[in-house]
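Top to bottom, those sequences are chains H and E. Here the first sequence is numbered in my numbering, starting from 104 and rising by one per residue. Here the second sequence is numbered in my numbering, starting from 286 and rising by one per residue. All residues carry an ideal CB built from backbone N, CA and C; glycine is no exception. Computed from a predicted structure; not experimentally measured. Structure first, commentary second.
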Amino acid sequence: MTRRLYLAGTVALAALLAASMGSVTWAQTPSPASAVAAAVTFHKDVEPILQKNCQSCHRPGQIAPMSLLSYQAARPWARAMKTKVIAREMPPWFADPQHGKTYSTDRSLTQADIDTIATWVDAGAPEGDPKDAPPAVVWPKDGWSIQPDVVVRGPSFKVPARPPSNVIEWTTIIVPTGFTKDTWVTSVEIKPSDLQVTHHICISFQPHSEDILYYTPFWNDKTRDDEGVEIKQTPASASTGAPRINPAQQRERSPNGVGGAPAPGNAAVGGGFLCYLPGNQAFDYRPFGAGALIPAGYDISIAQHYTPSGKESVDLPQIGFTVSNTPPKKRWVTTQAGGAGNGFAIPPNEPNYLAPPGELEFGANAELVMMMPHMHVRGRDMTYTVVHPDGRKEVALSVPKYDFNWQMQYVLSNPVKVAPGTKLHVEAHYNNSTSNKYNPNPNRWVYPGNMTWEEMMSPFFGVIVDTETDPTTVFRRGAVNNGGGE
Amino acid sequence: MIKTRLRTRLRRGRLGIVTMLAVAVLCTAGLAAQGAGTQPRPGVPVEKPAIDPSQEIVATGCLVKEGDNYELRNSAVLIRPWVAPGLKPDAVGTPAPSPSKTVFRLMHKEGLDAHVGHKVEIAGVIQPQTANVPPSPDTIVRSGTGPGTATAPAAAGAQGAGGAQGGAEQPRFVPRLNNPELDNKPLKMVSTSCP
């Protein structure tokens with residue numbers, strides 16, 4: 104037995120040695136390189152690319168697992184960098200370019216950038232002369248994406264290691280803003296402390312009520328099956344064979360979309376319904392000269408979804424704001440075009456289920472600036488189409504290969520102007536077949552639900568309007584077609 | 286040749302302890318290099334965050350004794366948002382208590398007995414909370430609970446935690462809440478009467 108253990112340990116160490124030696128040898132011995140390849144260095148050629156396209160995530164405190172802020176930090180990952188950029192897996196970007204839109208949040212690499220990184224790696228990943236380095240980017244401290252002026256602590260949340268069914272139900276906690284005067288905010292960022300367990304944290308702002316219970320977690324204990332799926336079916340529909348959903352449960356699931364998004368009239372307060380999601384950055388209204396008003400005394404409703412990691416942890420979220428002393432010229436409003444409603448039911452083994460489309464009509468002049476598709480692991484694609492009053496259709500965003508792991512904001516470089524009567528029409532498909540590698544079970548019906556193995560259709564978007572525009576008129580309430588979710 | 290020898294020695298389990306130690310050192314160096322810039326290192330002090338808003342809140346309410354435990358009820362809550370240096374401290378207004386029906390469970394009982402029934406001010410840090418797991422003895426089942434309020438009926442509870450909107454069919458979920466626990470400092474007396 105001892106001999107076996109010794110042998111096993113030796114083999115393991117030798118394997119590590121082989122890997123380590125490969126890395127070390129490769130790191131210290133430049134491979135034969137052509138004159139062209141030798142000229143490509145980290146500081147001169149690669150670092151500018153990393154600054155522009157990678158460092159916003161690849162720095163301490165952000166979602167990426169390693170820093171790319173320096174040669175020393177990036178060097179061990181050189182080979183992986185080449186592999187990922189050639190495969191166009193990194194930086195993640197999913198917008199279809201064929202519709203002619205460009206996005207300021209696009210961090211994808213040009214072919215020239217990819218070639219530069221590949222050439223650098225093939226040449227032994229030389230550092231080059233530090234004097235060639237571009238000035239270091241001054242990133243906000245402590246992992247923030249914005250440099251906040253004001254920060255409010257969210258409620259600390261203990262995430263158990265292994266809860267029953269591996270489920271922690273969504274929890275809502277109300278906290279005071281601490282804002283005792285009307286405040287214009289120009290960006291908002293929700294920053295969890297433990298990204299590993301944070302599925303999402305969404306906030307909205309609500310008028311204060313004196314019977315509020317601050318810092319008090321509210322949740323609903325739900326009946327779930329062995330797979331953690333909420334049990335909510337009633338007898339099957341005669342027409343489709345699909346088990347129907349208890350209407351009361353359907354309403355409970357998503358009274359206004361994800362976790363209680365505010366009604367369109369409230370979508371302007373603080374910017375509307377704002378979420379931290381993996382891969383999502385701050386909501387920054389500044390590039391558009393815009394802001395959002397948080398009235399004095401309002402409270403923050405925080406909807407939290409944590410996923411256990413097998414190790415108990417505590418998340419200490421913070422909510423950061425930049426503020427403006429003067430009202431901006433534009434107002435930012437976030438909402439969503441419908442959501443998965445009563446008609447949403449994905450049949451087993453269906454590879455291309457078209458959800459009931461979401462549609463919303465504008466009631467005022469506005470500019471569509473941001474879109475953020477949200478679905479769960481069976482989400483396949485989502486397309487936002489602006490239908491102008493004259494019938495002209497304009498695809499503002501098409502994400503043909505949606506990836507649940509990257510919840511991204513697509514911010515238009517050139518906002519789409521919309522007039523009253525314009526509609527935003529959103530279609531999404533879902534893959535509930537074996538061809539979806541993330542599908543936990545292709546053999547069951549899939550309904551709307553809070554957990555990732557249930558589904559959602561949440562086409563979030565942001566618009567800017569003139570500050571003088573009454574925010575309650577931006578969207579025509581009742582004009583939302585979402586199959587019953589609103 | 287070297288590979289063959291290594292394989293043979295591996296198979297026979299004869300790699301010496303010195304060799305193994307050398308391997309371990311190399312592996313450690315390699316792993317350290319890979320982790321550079323991403324992980325705090327032992328012995329190196331972790332830099333204090335530049336932005337570190339206070340976790341302390343101040344609650345003013347009625348002190349109540351329930352069995353052996355103490356609660357602060359109907360608590361007005363004051364928080365102080367962190368404000369960046371260079372901004373006026375009152376950039377978002379002068380901090381003021383926000384009235385609520387919050388019930389804080391108090392962790393420390395010393396000196397509380399004399400103030401039961403009084404209106405008191407207590408500073409402290411709210412303890413990390415959790416939801417449905419593990420079931421807490423303090424968990425309260427609230428049929429008809431609204432969006433984080435003490436009194437909102439179920440019919441109005443469409444927002445927030447997803448309170449049911451009412452209706453004939455009863456959903457298979459149970460709204461619940463946990464009262465927060467406060468790591469309380471010594472209290473300040475406000476008045477002997479408690480509305």
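In chain order, what residues of the same chain lie with their CB nearer than 8 Å to the CB of residue i, ignoring the 5 residues before and after it?
i: H/Asp-484; result: Ser-501, Val-502, Pro-503, Lys-504, Tyr-505, Ala-531, His-532
i: E/Leu-472; result: Leu-348, Gly-396, Leu-397, His-400, Val-405, Glu-406, Ile-407
i: H/Thr-525; result: Glu-464, Phe-465, Val-489, Val-490, His-491, Pro-492
i: H/Asn-452; result: Asn-535, Ser-536, Thr-537, Pro-545, Asn-546
i: H/Tyr-541; result: Val-480, Arg-481, Phe-507
i: H/Tyr-401; result: Thr-280, Phe-282, Phe-308, Gln-309, Pro-310, His-311, Val-372, Gly-373
i: H/Glu-150; result: Tyr-174, Ala-236, Pro-237
i: H/Ala-215; result: none
i: H/Asn-539; result: Pro-454, Val-480, Arg-481, Arg-483, Pro-545
Considering Cα atoms alone, identify which of the options is closest to residue i.
i: H/Leu-463; options: H/Arg-579, H/Phe-391, H/Thr-575, H/Pro-518; result: H/Arg-579
i: E/Glu-356; options: E/Cys-347, E/Leu-363, E/Val-362; result: E/Cys-347
i: E/Asp-468; options: E/Met-392, E/Pro-413, E/Asn-354; result: E/Met-392
i: H/Ala-395; options: H/Phe-376, H/Leu-380, H/Gln-250, H/Ile-405; result: H/Phe-376
i: H/Ile-449; options: H/Ser-296, H/Trp-556, H/Ala-167, H/Pro-523; result: H/Trp-556
i: E/Ile-336; options: H/Pro-381, H/Pro-251, H/Pro-518, H/Pro-460; result: H/Pro-251
i: H/Lys-284; options: E/Asn-359, E/Ser-383, E/Ile-342; result: E/Ser-383
i: H/Met-554; options: H/Ile-271, H/Ser-259, H/Pro-179; result: H/Ile-271
i: E/Pro-380; options: E/Val-362, E/Pro-370, E/Leu-372; result: E/Val-362
i: H/His-303; options: H/Asp-569, H/Lys-433, H/Tyr-409; result: H/Tyr-409
i: H/Lys-520; options: H/Met-559, H/Ile-249, H/Glu-470, H/Asp-569; result: H/Glu-470
i: H/Asn-383; options: H/Pro-195, H/Arg-182, H/Val-577, H/Ala-142; result: H/Pro-195
Which chain H residues sit within Cβ distance under 7 Å of residue i?
i: E/Pro-334; result: Asp-245
i: E/Ile-407; result: None at all; the shortest Cβ gap to chain H is about 14 Å.
i: E/Pro-413; result: Ser-259, Phe-260, Lys-261, Val-417
i: E/Leu-372; result: Asp-252
i: E/Thr-345; result: Here the premise fails: no neighbours, minimum Cβ distance about 12 Å.
i: E/Thr-379; result: Thr-283
i: E/Pro-465; result: Tyr-318, Thr-319
Report, in whole angstroms, the separation of the C-beta atoms of residue i and residue j, which I expect to be a contact under 8 Å.
i: H/Trp-242; j: H/Gln-158; result: 7 Å
i: H/Asp-209; j: H/Thr-301; result: No, H/Asp-209 and H/Thr-301 are not in contact; Cβ-Cβ is about 25 Å, not under 8 Å.
i: H/Gln-255; j: E/Pro-338; result: Going by the sequence as given, residue 255 of chain H is Val instead of Gln. The Cβ separation is near 7 Å, so the contact holds.
i: H/Val-278; j: H/Ile-189; result: That pair is no contact at about 46 Å.
i: H/Gln-439; j: H/Ser-561; result: 5 Å
i: H/Gly-552; j: H/Glu-333; result: 5 Å
i: H/Asn-455; j: H/Pro-523; result: About 35 Å; that fails the 8 Å criterion.
Could you pull out every residue in the same chain whose Cβ sits closer than 6 Å to the Cβ of residue i, ignoring the five residues on either side in sequence?
i: E/Ser-476; result: Lys-404
i: H/Pro-320; result: Thr-274, Ile-276
i: H/Glu-571; result: none
i: H/Ala-176; result: Ser-170
i: H/Glu-292; result: Ser-248, Ile-249, Ala-385, Gly-423
Residues of chain H with CB closer than 8 Å to the CB of residue i, please, in chain order.
i: E/Ile-364; result: Val-255, Arg-256, Val-278, Pro-279, Gly-281
i: E/Thr-387; result: Ile-315, Leu-316, Tyr-317, Tyr-318, Thr-319
i: E/Pro-338; result: Val-254, Val-255, Arg-256, Gln-421
i: E/Val-475; result: Under the 8 Å cutoff, chain H gives no residues; its nearest Cβ is about 18 Å from E/Val-475.
Chain H partners of residue i, CB-CB under 9 Å?
i: E/Pro-471; result: Correct list: empty, because the minimum Cβ distance to chain H is about 21 Å.
i: E/Leu-462; result: Leu-316, Thr-319, Pro-320, Phe-321, Trp-322
i: E/Val-349; result: Going along chain H, no residue has its Cβ under 9 Å from E/Val-349, so there is no contact; the nearest lies around 16 Å.
i: E/Val-401; result: Those within 9 Å of E/Val-401 in chain H number zero; the least Cβ separation is about 22 Å.
I'd like the list of long-range same chain contacts for residue i, defined as Cβ closer than 7 Å, with 5 residues on each side in sequence excluded.
i: H/Ser-516; result: Thr-205, Tyr-206, Ser-207
i: H/Ile-397; result: Thr-280, Phe-282, Thr-286, Val-288, Phe-308, Val-372, Gly-373
i: E/Pro-374; result: Val-368
i: E/Asn-354; result: Arg-390
i: H/Ala-167; result: Cys-160, His-161
i: E/Ala-376; result: Val-368
Does any residue of chain B bring its CB to less than 8 Å from the CB of residue i?
i: H/Val-426; result: You won't find chain B in this structure, because its protein chains are H and E.
Note down, in chain order, every chain E residue with its Cβ under 8 Å from the Cβ of residue i.
i: H/Gly-400; result: Ser-383
i: H/Ile-626; result: Given a span of 104 to 589 for chain H in the structure shown, any question on residue 626 of chain H remains unanswerable.
Quick one: which chain E residues come within Cβ less than 7 Å of residue i?
i: H/His-311; result: Ser-383
i: H/Thr-429; result: None at all; the shortest Cβ gap to chain E is about 13 Å.
Could you list which residues in chain E have their beta carbon closer than 9 Å to that of residue i, in chain order?
i: H/Thr-301; result: The contacting residues do not exist; H/Thr-301 stays about 14 Å from chain E at best.
i: H/Ile-152; result: Simply none; closest approach about 18 Å.
i: H/Thr-286; result: Ala-376, Val-377, Gly-378
i: H/Thr-570; result: None at all; the shortest Cβ gap to chain E is about 19 Å.
Does the beta-carbon of residue i, which I'm using as the reference point, lie nearer than 7 Å to any heavy atom of the ligand ADP?
i: H/Gly-203; result: Ligands are entirely absent from the displayed structure, and the ligand ADP is therefore not among its contents.
query = Touch check for the stretch 259-273 of chain H and the stretch 229-248 of chain H: three-plus C-beta pairs under 8 Å?
reply = no
ask   = Would you call the stretch 429-438 of chain H and the stretch 545-558 of chain H touching, i.e. three or more CB-CB distances under 8 Å?
value = no
ask   = Taking three-plus beta-carbon pairs below 8 Å as touching, is the stretch 153-171 of chain H in contact with the stretch 222-233 of chain H?
value = no
request  = Would you check if the stretch 564-574 of chain H and the stretch 470-483 of chain H touch, i.e. whether three or more CB-CB distances between them fall below 8 Å?
outcome  = yes
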